[in-house]
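Numbering (our numbering), first residue to last: 1 to 154.
What follows is a set of notes on a single structure, which appears directly below.
Below is the structure:
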């Protein structure tokens, strides 16, 4: 018998974690692209310096590093891999690290993943010197820091 103080927790498949935002991908999630579980059409980039809502700090903040995120359904914060009919993840057995670490009853496990190295465009396109050069040049000329400097000049 499980004592109330030692209650074993299991996912009740309420979907709250999936409908309140999609995961940020980590370097360890690169294998999802290699295995074609996640494709470039399933993700988007939040760039260094971009103003975003920080779910952990519950405030607007500027990103210190680039992030690759799984897309959300149009007009919502629901992850594209969430199946609302089934109340589950369509890629559950191979879901991203952040999803694996998320247990709503155990926030410490999730917070342990926050500082793990995030996936970047450079990681995704490491085999394409041309794309890497385009990304680097774009960031040099159009970074949020550079755009801020241009606005200050006007």
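Quick reminder that beta carbons are idealized off the backbone N, C-alpha and C, glycines included.
With 16 as the cutoff for other CB atoms within 10 Å, does residue 137 come out buried or exposed?
exposed
Going by C-alpha to C-alpha distance, which of 103, 27, 102, 85 sits closest to residue 125?
27
With distances taken from CA atoms, which of 90, 60, 68, 98 is nearest residue 41?
68
Do residue 66 and residue 51 have their CB atoms nearer than 8 Å?
no
Counting C-beta neighbours from all protein chains within 10 Å, is the total for residue 77 16 or more, i.e. buried, or is it exposed?
exposed
Roughly how many angstroms lie between the CA atoms of residue 9 and residue 105, to the nearest whole one?
7 Å
Do you know how far the Cα of residue 86 is from the Cα of residue 14?
Rounded to the nearest whole angstrom, the C-alpha separation of residue 14 and residue 86 is 10 Å.
Going by DSSP in three states, residue 2 sits in which element: helix, strand or coil?
Note that residue 2 has pLDDT 35, beneath the 50 cutoff, so the model's placement of it is unreliable and the number below is only indicative. Looking at residue 2 - three-state DSSP - the assignment turns out to be coil, as it is neither helix nor strand.
Closer than 6 Å by C-beta to residue 19: which residues in its own chain qualify, once you throw out the five before and the five after it? Chain order, please.
78
Put residue 13 into one of helix, strand or coil per three-state DSSP.
Three-state DSSP puts residue 13 in coil, outside helix and strand.
Which class does residue 136 belong to by DSSP, given the choice of helix, strand or coil?
helix
Could you compute how far the alpha carbon of residue 129 sits from the alpha carbon of residue 11?
So the alpha carbons of these two residues sit roughly 43 Å apart.
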